[in-house]
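To start, the structure under review is shown below, and the notes come after it.
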Amino acid sequence: MPTKISSARGSGDKRSRAPKHQNRTAWAPNKHSTKALALAALPTYSVCPRCRDQIEWRKRMGQYKPLTVAKKCTSCLQKRITTAYHTLCMPCAKERRVCAKCAESSHGHTDAPKSQQELSREEQDEADQLDLLTERQRRTYLRRMDAGQVTEAREELAKILAKLALDESDFSSDEDSEDESGDDKNRTENGDHDEASDHDDSEDDASSSSEAEADAVKVKAEDGKSA
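In the UniProt record's numbering, the protein residues as written are 1 to 227.
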């Protein structure tokens, strides 16, 4: 009589050998296709981490289908979407601060890559800002950047620049107040000088009139004597 084998899960005859396929290497569809390599090299930006993982999975599994024509944005209704699986264009997603694929919170998303002109402009702005620092502050900033403390270094740089701008504004306001006080002093001195000049002119006029009156009296006296 044959022995009955239990149908309960886990109680059957267990294998002792390893599986035939170990999956030591990940499956890569069309590994020699230049198109697949180009699609894998496309950057994934302006999306949240969940949507980024979904798009990267499509690239790995050969399921990524790029757009052939521009797609309409669900926010501005303009055909400005050029990236596959996005529902919002870059300006709308940046303005609303949401994921360009699921249109939800964009916490932890990656921004769009910057152009060479933008990178050059940022480098020039950073160099101009470093010129305003002292040698000690400049070395501290560069040391933190080399150590990977980018956020702390930029925050400290912003504080130093804000303090410099505040000190400069205070200095300019002091100069303006000094100029105003100097102008008031000059106006006061000029006013006093004008008053003194007016007083001297009035005295001269009075003396001239008194002299004219004396001459007239003298002429009348001479006329009386001759008569």
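Even glycine gets a Cβ: it sits at the ideal position worked out from N, Cα and C.
Note that the structure is predicted; figures quoted are calculated from it, not measured.
In DSSP terms, what residue i is bridged to
{"i": "residue 35", "result": "For residue 35, which the question treats as bridged, DSSP gives no partner whatsoever."}
{"i": "residue 72", "result": "79"}
{"i": "residue 98", "result": "105"}
Helix, strand or coil at residue i according to DSSP, with G and I counted as helix
{"i": "residue 150", "result": "helix"}
{"i": "residue 65", "result": "coil"}
{"i": "residue 163", "result": "helix"}
{"i": "residue 105", "result": "strand"}
{"i": "residue 43", "result": "coil"}
{"i": "residue 57", "result": "helix"}
{"i": "residue 19", "result": "coil"}
{"i": "residue 228", "result": "Here the chain comprises residues numbered 1 to 227, so residue 228 is not present and cannot be evaluated."}
{"i": "residue 127", "result": "helix"}
{"i": "residue 89", "result": "coil"}
{"i": "residue 26", "result": "coil"}
{"i": "residue 84", "result": "coil"}
{"i": "residue 48", "result": "coil"}
{"i": "residue 133", "result": "coil"}
Close-in-space but distant-in-sequence residues of the same chain around residue i (CB under 8 Å, 5 per side omitted)
{"i": "residue 90", "result": "46, 80, 100, 112"}
{"i": "residue 39", "result": "59, 64, 66"}
CB contact check: residue i to chain D, cutoff 7 Å
{"i": "residue 30", "result": "Of the protein chains in this structure there is only one, and it is not chain D."}
Own chain, CB closer than 7 Å to residue i, minus 5 neighbours either side, in chain order
{"i": "residue 20", "result": "none"}
{"i": "residue 86", "result": "100, 101"}
{"i": "residue 137", "result": "160"}
{"i": "residue 152", "result": "144"}
{"i": "residue 135", "result": "none"}
{"i": "residue 164", "result": "132"}
{"i": "residue 73", "result": "80, 81, 88, 89, 92"}
Other residues of its chain near residue i: CB distance less than 6 Å, five sequence neighbours each side excluded
{"i": "residue 71", "result": "81"}
{"i": "residue 41", "result": "none"}
Cβ-heavy atom distance, residue i to the ligand COA, below 6 Å
{"i": "residue 152", "result": "The ligand COA is not part of the structure shown, which contains no ligands of any sort."}
Touching by the beta-carbon criterion (3+ pairs, under 8 Å), the segment 21-28 and the segment 79-96: no
At least 3 beta-carbon pairs within less than 8 Å: the segment 115-125 vs the segment 139-146: no
Sufficient close CB pairs (3 or more, under 8 Å) joining the segment 58-69 to the segment 91-106: no
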